[in-house]
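Novice:
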Ligand SMILES: Nc1ncnc2c1ncn2[C@@H]1O[C@H](COP(=O)(O)OP(=O)(O)OP(=O)(O)O)[C@@H](O)[C@H]1O
Ligand SMILES: [Mg+2]
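Shown next, in the form of structure tokens:
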């Protein structure tokens, strides 16, 4: 039945779309003109042959976005973004990448090398044209490669670009898209809903344990291209999936806006583990040229005893505005948030989480490690709340800040709200500093100031690194030392 | 061989080392005694390269090389070791991890191959056993929550693993119980070597019963005011510093 319905929907959508939006004579162009309008939204939708409902969904979001104002409550400062000066769609072929690694910025290659990224993967990350990849890679808005498909298909797992899922599994997309992060959730999420480019779609059928860790490498390639990934992951009853998101970006001169939306849904007894290593260009030491990262990530523990866990290592971006959250709707559901956020140079990070306890006997755990160096500012903002009906809600929060040097700042802003008297919320916070004396002690034993700092920092973040899958943890550890380069002596 | 010639050093505008000269030969154990505040720890910091001190005159040579030109970590790789009077806590870094990082950093700096993990573990286990350092302590964050005596033992363990050519022990005996004193002294004696020299800073003659020095120096107001054999320590124990401090003034 479903398949039939799918076909019907598809035929309908193709027919209608093909004629409806002929505003652009040059529909073959790979890049929408600069700026944002209903036409831009229609262009994007038409480019993807989207069904009418989705075009309308986007347009609705766009119209609502027009009535909204950019939030200013976060502890970040940046020049006003001119939304009419950005591109909202570009396909990879419009930007011929370097032919081989010789043409890639040596500074970037140095970082890859330090990370120990294999050559082949370096080519992928640097956008070398001739390449073969083993990940579903999102290059500049369009997913160009999807692999492991056969094995996943055998298990019944759907893992594909969301643009493809719109056609292959419209009923799932329609049912879940925007069901966790509503269209009007916040300024950036609404913008994303209007112009989202592409992203991953994952569906794990009931009782299935996903046979491999799913990973995606994101890269921002084209200058002035806003990136609006949209990720949707559904774990049906009793299923499990671990999803890895890793990012790196080439050096850029102009600030780049990135406003992704990630929605996770777990049904009864299901579990999603979502891990991110984010290493986008933070800008030069003056903060020029870095990426603006305004992300909405939210998980909905819809079913009883379901579990969602976010683990993130944030080292990049000029500005990070990001609060992966869990709605603990199902009874006995559990939310976890493990975070390492590092800021150096002029970086500004305002990140944290929300744990919204709605169901009975729900539990959550937050471990946040903020490291500030240089002239950066690092704010943890966390909300834990228990609804009236959330009897026996439990939360444990541990928020540690580590300061390196005299010119950086760390701030912890917890919001705690319990409408049910049985809720027990614990909050611990510490701020420590790497002292000159500690550095001298380490140097006396033969370590350089940088080695010593890396050692202490690694010790500081160990609890969280342990939450990452092995190979990711190794990469994250290296990333941490790279991102703290130049922060001491 | 360590040679200090006419050393003058100050910190935050305060002169603390005032024309100090001292030679410690290969294989020699030299003890320094002196009243509180005479500059013993300061001397150990200037030798090992702590930042913040200004050397206004004089020189420090280790086997002829000018230490004052080198960064602290370079001096360490050259063989300078300081057992701190007040060892620092390094939260989150297990002792094992710390030891491995230090040993390999020094080996790398000297162009030697790094220790393999099993080789390293073997050395640490053996060293810890000799000094009565329990194995589970090696898995704890370095010095965090260690008792005063445990910290001192850990300093000596680090020294025995890093195998320095010139080691300074700054009041390593203070805070040690009687048994620990003996264990630590045995640890130091086991490291005695014709190519290795020690500068032992202490307030108590008792330590020198266990670590028998070749020479004893009395320090006062930033300089050496008296040098003698091990019997000088006994004399100090009996009469205090009064006579020598007078000489310096
Ligand atoms: N940063 C500083 N500014 C000013 N004076 C200092 C500073 N550091 C040390 N001093 C002073 O230098 C003198 C020598 O200190 P040092 O710690 O070297 O003495 P010490 O001989 O090791 O004493 P003790 O036997 O008590 O350990 C002391 O009077 C101390 O107060
Ligand atoms: Mg002292």
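Protein chains in written order, with the numbering used here: chain A, 1 to 489; chain B, 1001 to 1249.
Where a beta carbon is used, it is the ideal one built from N, C-alpha and C, also for glycine.
Anything with a beta carbon under 7 Å from a heavy atom of ligand 2 counts; list them all in chain order.
Specialist: Residues flagged by the Cβ proximity filter: B:1040, B:1041, B:1085, B:1170, B:1171, B:1201.
Novice: Taking 7 Å as the cut-off, is the CB of residue 1012 (chain B) close to at least one heavy atom of ligand 1?
Specialist: On the second chain, residue 1012 (chain B) is found 12 positions in, with the first residue counted as 1. Result yes, Cβ under 7 Å from ligand 1.
Novice: Our contact map puts residue 166 (chain A) next to residue 51 (chain A) with C-beta atoms below 8 Å; I'd like the distance itself, whole angstroms only.
Specialist: In the first chain, counting from the first residue as 1, residue 166 (chain A) sits at position 166. In the first chain, counting from the first residue as 1, residue 51 (chain A) sits at position 51. The pair is a contact, with the Cβ atoms about 7 Å apart (cut-off 8 Å).
Novice: For ligand 1, is there any heavy atom lying closer than 7 Å to the beta carbon of residue 1018 (chain B)?
Specialist: To locate residue 1018 (chain B), count along the second chain from 1; it is residue 18. Not under cutoff, so the answer is no.
Novice: What I want to know is whether the C-beta of residue 1034 (chain B) ends up closer than 7 Å to one or more non-hydrogen atoms of ligand 1.
Specialist: Position 34 of the second chain holds residue 1034 (chain B). The answer is yes for residue 1034 (chain B).
Novice: With DSSP as the reference, please indicate the residues paired to residue 1028 (chain B) in a beta bridge.
Specialist: Your numbering for residue 1028 (chain B) matches position 28 in the second chain. Note: residue 1028 (chain B) sits in no beta bridge, so no partner.
Novice: In terms of residues, what are the limits of the alpha helix (DSSP H) holding residue 175 (chain A)?
Specialist: Walking along the first chain from the start, residue 175 (chain A) turns up at place 175. Element bounds for residue 175 (chain A): 170-176.
Novice: Kindly confirm or deny that the region 1055-1070 of chain B and the region 1222-1233 of chain B touch, where touching means at least three C-beta pairs closer than 8 Å.
Specialist: They do not touch, by the three-pair rule.
Novice: Anything in the region 444-466 of chain A with a Cβ closer than 7 Å to a Cβ of chain B? List those residues in chain order, please.
Specialist: If the cut-off is 7 Å between Cβ atoms, the region 444-466 of chain A has 444, 445, 446, 447, 448, 451, 455, 456, 459, 460, 462 near chain B.
Novice: Please say whether residue 1131 (chain B) and residue 1093 (chain B) have beta carbons closer to each other than 8 Å?
Specialist: Translated into the one-based positions of the second chain, residue 1093 (chain B) becomes position 93. Translated into the one-based positions of the second chain, residue 1131 (chain B) becomes position 131. Not closer than 8 Å, so no.
Novice: Less than 8 Å between the CB atoms is what I'm expecting for residue 319 (chain A) and residue 78 (chain A), so what's the real figure, rounded?
Specialist: One-based indexing of the first chain puts residue 319 (chain A) at position 319. One-based indexing of the first chain puts residue 78 (chain A) at position 78. Sure, about 5 Å apart at Cβ, within 8 Å.
Novice: With DSSP collapsed to three states, give me the class of residue 167 (chain A).
Specialist: Position 167 of the first chain, counted from the first residue, corresponds to residue 167 (chain A). Three-state DSSP puts residue 167 (chain A) in a helix.
Novice: For the alpha helix (DSSP H) that contains residue 1150 (chain B), what are its first and last residues?
Specialist: To locate residue 1150 (chain B), count along the second chain from 1; it is residue 150. Element bounds for residue 1150 (chain B): 1148-1162.
Novice: Could you name the residues of chain A that residue 1088 (chain B) contacts, counting a contact when the two beta carbons are closer than 7 Å?
Specialist: In the second chain, the residue the question calls residue 1088 (chain B) occupies position 88. In chain order: 437, 438, 441.
Novice: May I ask you to verify whether the region 1193-1213 of chain B touches the region 1143-1155 of chain B, counting CB pairs closer than 8 Å and requiring at least 3?
Specialist: Segments in contact, no.
Novice: When the cut-off is 8 Å and only beta carbons count, does residue 1093 (chain B) lie next to chain A?
Specialist: In the second chain, residue 1093 (chain B) corresponds to position 93, counting from 1. Yes, contact with chain A.
Novice: Could you pull the DSSP bridge partners for residue 1008 (chain B) from this structure?
Specialist: Taking the first residue of the second chain as 1, we reach residue 1008 (chain B) at position 8. Answer is B:1018, B:1057, bridged to residue 1008 (chain B).
Novice: Can you find a C-beta in chain A that's less than 8 Å from the C-beta of residue 1077 (chain B)?
Specialist: Within the second chain, numbered from 1, the residue matching residue 1077 (chain B) stands at position 77. Yes, residue 1077 (chain B) lies at the interface with chain A (some Cβ there is under 8 Å from its Cβ).
Novice: Strictly below 7 Å CB to CB, what residues from chain A border residue 1050 (chain B)?
Specialist: Translated into the one-based positions of the second chain, residue 1050 (chain B) becomes position 50. The contacting residues are 440.
Novice: From the beta carbon of residue 372 (chain A), is the nearest beta carbon of chain B less than 8 Å away?
Specialist: By 1-based counting over the first chain, the position of residue 372 (chain A) is 372. No, residue 372 (chain A) lies away from the interface with chain B (no Cβ there is under 8 Å from its Cβ).
Novice: Buried or exposed: where does residue 153 (chain A) fall if 16 or more other Cβ atoms within 10 Å of its Cβ makes it buried?
Specialist: The residue given as residue 153 (chain A) occupies position 153 in the first chain. Label assigned to residue 153 (chain A): exposed.
Novice: Report the partner residues of residue 1120 (chain B) according to the DSSP bridge assignment.
Specialist: As a position in the second chain, residue 1120 (chain B) is number 120, starting the count at 1. Bridge partners of residue 1120 (chain B): none, in fact.
Novice: I want to know whether the region 454-466 of chain A touches the region 1028-1046 of chain B - three or more CB-CB distances under 8 Å.
Specialist: Contact fails: fewer than three Cβ-Cβ distances are below 8 Å.
Novice: Determine the direct distance from the alpha carbon of residue 303 (chain A) to that of residue 220 (chain A), and round the result to whole angstroms.
Specialist: On the first chain, position 220 is the one that residue 220 (chain A) refers to. On the first chain, position 303 is the one that residue 303 (chain A) refers to. The predicted model places residue 220 (chain A) with a pLDDT of 44, which falls under 50 and marks its position as unreliable, so this point remains unresolved.
Novice: Let me make sure I understand the geometry here. Which of A:444, A:380, A:397, A:434 has the alpha-carbon closest to that of residue 428 (chain A)?
Specialist: Start at 1 with the first residue of the first chain, and residue 428 (chain A) comes out as number 428. Looking at the Cα atoms, A:397 is the closest of the given residues.
Novice: Name the residue from B:1183, B:1122, B:1017 whose alpha carbon lies nearest to the alpha carbon of residue 1173 (chain B).
Specialist: Taking the second chain and counting its residues from 1, the one referred to as residue 1173 (chain B) is at position 173. Nearest option by C-alpha distance: B:1183.
Novice: In whole angstroms, what separates the C-alpha of residue 1144 (chain B) from that of residue 1090 (chain B)?
Specialist: On the second chain, residue 1144 (chain B) is found 144 positions in, with the first residue counted as 1. On the second chain, residue 1090 (chain B) is found 90 positions in, with the first residue counted as 1. Approximately 7 Å, taken between the alpha carbons.
Novice: Please determine whether the Cβ atom of residue 1037 (chain B) lies at a distance below 7 Å from any heavy atom of ligand 1.
Specialist: Here residue 1037 (chain B) is taken as the residue at index 37 of the second chain, counted from 1. Yes, the Cβ of residue 1037 (chain B) comes within 7 Å of a heavy atom of ligand 1.
Novice: With a cut-off of 8 Å on the beta carbons, I'd call residue 467 (chain A) and residue 311 (chain A) a contact; round off their distance for me.
Specialist: As a position in the first chain, residue 467 (chain A) is number 467, starting the count at 1. As a position in the first chain, residue 311 (chain A) is number 311, starting the count at 1. That pair is a contact at about 5 Å.
Novice: Does DSSP put residue 334 (chain A) in a helix, a strand or coil?
Specialist: The residue you call residue 334 (chain A) lines up with position 334 of the first chain. It is a strand residue.
Novice: Considering only residues of the same chain and omitting the five flanking positions on each side of residue 1080 (chain B), which have a CB-CB separation below 6 Å?
Specialist: Looking up residue 1080 (chain B) in the second chain gives position 80. These residues qualify, in order along the chain: 1048, 1166.
Novice: Using the beta-carbon count (16 or more within 10 Å), is residue 1076 (chain B) buried or exposed?
Specialist: Residue mapping note: residue 1076 (chain B) aligns to position 76 of the second chain, counting from 1. Flag for residue 1076 (chain B) reads buried.
Novice: Mind pulling the chain B residues with CB within less than 9 Å of residue 376 (chain A)?
Specialist: Sequence index remark: in the first chain, residue 376 (chain A) carries index 376 (1-based). Within 9 Å Cβ-Cβ: nothing; residue 376 (chain A) doesn't reach chain B, min ~21 Å.
Novice: Using the Cβ count rule (16 or more neighbours within 10 Å means buried), how would you classify residue 212 (chain A)?
Specialist: Indexing the first chain from 1 puts residue 212 (chain A) at position 212. Result: exposed.
Novice: Going by beta carbon distance, what residues of the same chain come within less than 6 Å of residue 1052 (chain B), once the five residues before and after it are set aside?
Specialist: Against the second chain, residue 1052 (chain B) aligns to sequence position 52. Counting only Cβ-Cβ distances below 6 Å, and skipping sequence neighbours, we find 1011.
Novice: Assuming residue 55 (chain A) is part of the alpha helix (DSSP H), what are its boundary residues?
Specialist: For the purposes of this step, residue 55 (chain A) is taken as residue 55 along the first chain, with counting starting at 1. Where residue 55 (chain A) is concerned, the enclosing alpha helix (DSSP H) stretches over 52-66.
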